[in-house]
Every structure is written in C-alpha cells, then in structure tokens.
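Residue numbers (the numbering used here), protein chains in the order written: chain P, 1058 to 1276; chain H, 1058 to 1276.
Have a look at the structure below, then the notes.
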C-alpha cells in the first residue's frame, strides 16, 4: 500500500515537473538542481559561481531550506532575484513548490536559475523539479565511498563536483577509490575537482556551466 | 491528503517502535540510534567504540545502508553480531525493519545494540525505532550552522558528537557559532568534541556511553 501511495506522489510530482520544464524551455531559462549532503559546499559554490558568471548571465536562485533563510542571506550581496522555500521539516523540494515560486521571477529576464535543494544525498534525487539537469556536489571530507553508497544521485546527475580537495592531505580520502566507484555508476559523467574556498579547479567549472547556459539559449 | 497518509505511516511506525522498546527493556538491552549526514563518521565512531568498550560489554550492531554492506564489512573484525538492513533507496530505517531483524540476535547475550542509521540528517529523526535514545553525530567540515539549519535531530537526541575537530584549523568552522546554535535548540544536551581518527576527546565519550549502558542494566 505504501508503495502505491509513493507512486501517486511521484506521478503527481512528475506531471508538474513536466509543466515546469516546458515553461522554462519556452523562456530559454536553464535550471540547475544542486544536490548534496549537508555542508558539502552548495552555498559556497553558488557564491563563487554567481561572483564569476554574474556579469555574463542573468541568474536567479531558489533556496530550499528546512527552516531558515541563512543561505539566502549569504547570497543577497549579488543583487539577484532569490526566493526561499522553507520545507518545514520536509527533506526535499518538489515540483509543486518550484512551480509556485516561479511566479516570483520575471523569467524573460533570466538566463539561468540555480536551485539549492535541501541538504540530503537521498530524497532530492527522487523528485524531478523540472530542472534542465541535476548537479551532484560531494566533498572529500565525506569520504571516498559516497558514489557507491548513494548511487542514485550519481546516476542521475549531469555533472559531479568534488569539493574541498584542499582538505585531502588531512584525510584518508582516496581519489582512486572515489573515481573507480563513480565510473562504475556513471562512466562518462564530467567530474570537477575543486576547492570553493581556495579557488582550485574553478575555471573548468565556470567554463562548463557557461557553455551549458549558452547552448540552452541556442536550442 | 498527503499529510494524513504520512500520519498513518508514522502512527504504525510508532506502535511497532513501542513494541521494540518494551522488548529491549525486558531484556535490558540499551539501543542507540546513531544519526548523521553521509560521511560524518558514524562507522569510524563505531569502530573505535567497539574496540574500546567491547571487552566490558556485549555489543551488537544493526547497519542501515541503502545498497551495500561496506560499513558492516569494516566492523567484522570485532566478531560481534552484525545485521545489515538495505533500504533499497529508502532514506531512513523504520521500526518494522528493526523489529524483524531483532530475531537474528540473541538478546539475552547483549548489553547494547548500536544502530547505524542511513546517512541523512533529516528523515531518520522522524522515525522512532524503539531506541533507548538517539545520538547525533556531526562533523566540523559540514560547517558550524548545522544545528540551526537541521534542528529536529538536535532537539531529539540525548547527546551530540562533534567529530573531525582535528580538521578545524583548515576550515572556517566556529565553535562559538556552533555552540550558540546548539544551545538555543537544546540547552542541556551533552556535547563530545572528538576526532575519531586521531583519538582526541574519546575518553569522555567512552565514559559517558559506558555509564549509560550500566545504568540501563540496573533499571
């Protein structure tokens, strides 16, 4: 019985996600659904990315958080449209809440909409928001076994960001183990090895995301 | 409608949890439900704790994992009873799965049962397993804002372990911010600041958990 209920919830989520995707495609707005564990660095990644590509592209942000607007506060300095969705205990965003807040944006004035999902490596992967693609963020301090233990996100994402590479010398993280696991699950997925706080590897990421936004405009 | 369904699921979970709690109390087995984000160090904490208190107490482990038995493999060396529950995508353990696997243990030969929940800071907090208490594990590399952003676990837990304090010098983690947040949510909760890999602060934790097991036996 529970399985049937879950299927209904997912079906309704999927229908609304398809609507969102159609709307955003008609407006040529790329939507990135950013998913990670708590504290892997989603907000810091957004801070750096908005600082870098904010001159070239018109960006907006949807901040998913259980109860606070702390992450949104950190992004206020960029003077871009930001909407917070508080899930009040809910463990992921869904397409209905995304659909509702899209009214708050002027989609004709946007090139890219970043959605920072609730910090959770599991549930957000199961709910299509109508995004163009999912972005998986994982940090070295979580250990090298995350793709193997939480495969769904790494199967679904269009790219993986491995953050906090500056901390590898102080941990037992193994690049080899991480990559072997990841390649078994998703052989071709682009992997960006970065340190958001120190700046390592950010250029490759900026170039890739800029390319994605440009390509989406031309489609 | 979804809210009513969720309430039914939680009610049924609570009923079974009460059964589990009654059974374990009759057998004088303390059950600890260990909850954290992915990669905060639950398994390493268990490794160290079993190595230290395994001589004094008879311990068993239930390993909750989405799809692998990797964590259980790491604990095999202690020659204690271990049962793996694979949730196959599920984001938390529930009391029904715990109840089923309790048959695999000889409860008359146990003092303590550690349950390593699925790596997730949100959903496991909402499902009572019949545990004696929840233990929150959080690592410094996740940032100092976790109690404020994910309050439910920190409200529900009987103790908090702050792991990876050896990495603080390489991050922007602030003890003050962390403690201020935590104390607002749960003013009296015991906090153990440790490094599982380097050994800092472990004595206080071993003493506390040993005291909990002894007290439970005498009740």
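Using N, Cα and C, we set each Cβ at its ideal position, and we do this for glycine too.
For residue i, collect the residues of the same chain with a Cβ closer than 6 Å to its Cβ; drop the 5 residues on either side in sequence, then sort them by chain order.
i	result
residue 1073/P	1152, 1153, 1156
residue 1248/H	1217
residue 1270/H	1087, 1114, 1168, 1169
residue 1231/P	1201
residue 1081/H	1088
residue 1238/H	1204, 1205
residue 1261/H	1249
residue 1101/H	1253
Under 9 Å between the Cβ atoms of residue i and residue j?
i	j	result
residue 1215/P	residue 1253/P	no
residue 1209/P	residue 1251/P	no
residue 1212/H	residue 1174/H	no
residue 1200/P	residue 1096/H	yes
residue 1145/H	residue 1263/H	no
residue 1186/H	residue 1086/H	no
residue 1070/H	residue 1184/H	yes
residue 1150/H	residue 1176/H	no
residue 1198/P	residue 1159/P	no
residue 1106/P	residue 1246/P	no
residue 1137/H	residue 1111/H	yes
residue 1241/P	residue 1181/P	no
residue 1099/P	residue 1128/P	yes
residue 1227/P	residue 1135/H	no
Kindly give me the distance between the Cβ atoms of residue i and residue j, rounded to whole angstroms, as I take these residues to be in contact under 8 Å.
i	j	result
residue 1123/H	residue 1143/H	7 Å
residue 1094/P	residue 1193/P	The pair is not a contact, with the Cβ atoms about 10 Å apart (cut-off 8 Å).
residue 1126/P	residue 1140/P	That belief does not hold up - the Cβ atoms of residue 1126/P and residue 1140/P are roughly 10 Å apart, past 8 Å.
Excluding five sequence neighbours on each side, which residues of the same chain lie with their C-beta closer than 7 Å to the C-beta of residue i?
i	result
residue 1103/P	1118, 1132, 1171, 1173
residue 1273/H	1085, 1087, 1189
residue 1207/P	1178, 1179
residue 1257/P	1222, 1223, 1251
residue 1078/H	1187
Does the beta carbon of residue i sit closer than 9 Å to a beta carbon anywhere in chain H?
i	result
residue 1209/P	yes
residue 1183/P	yes
residue 1123/P	yes
residue 1233/P	no
residue 1223/P	yes
residue 1258/P	no
residue 1205/P	yes
residue 1237/P	no
residue 1212/P	no
residue 1240/P	no
residue 1096/P	yes
residue 1067/P	no
residue 1078/P	no
residue 1261/P	no
residue 1276/P	no
Just checking: is the beta-carbon of residue i within a distance shorter than 9 Å of some beta-carbon in chain P?
i	result
residue 1229/H	yes
residue 1179/H	yes
residue 1172/H	no
residue 1269/H	no
residue 1176/H	yes
residue 1196/H	yes
residue 1202/H	yes
residue 1199/H	yes
residue 1115/H	no
residue 1146/H	yes
Under 8 Å Cβ-Cβ, which residues of chain A neighbour residue i?
i	result
residue 1253/P	Here the protein chains are P and H, and chain A is not one of them.
Beta carbon of residue i: closer than 8 Å to some heavy atom of the ligand SAH?
i	result
residue 1190/P	The ligand SAH is absent from the structure shown, which contains no ligands of any kind.
Between which residues of its own chain and residue i is the CB-CB distance below 8 Å, once the five residues before and five after are set aside?
i	result
residue 1255/P	1223
residue 1234/P	1201, 1202
residue 1058/H	Caution applies to residue 1058/H, whose pLDDT of 46 falls short of 50 and renders its modelled position unreliable; the value that the coordinates give is listed next. So no residue of the chain qualifies.
residue 1065/H	none
residue 1166/P	1115
residue 1219/P	1195, 1196, 1197, 1235, 1248, 1249, 1250, 1251
Beta strand (DSSP E) runs contained entirely in the segment 1126-1179 of chain P, provided each spans 3 or more residues
1139-1143, 1169-1173
For a minimum of 4 consecutive residues, which ranges assigned as the alpha helix (DSSP H) are wholly contained in the segment 1179-1261 of chain H?
1203-1206, 1208-1213, 1232-1242
Entirely within the segment 1071-1120 of chain P and at least 4 residues each: give me those alpha helix (DSSP H) ranges in chain order.
1099-1110
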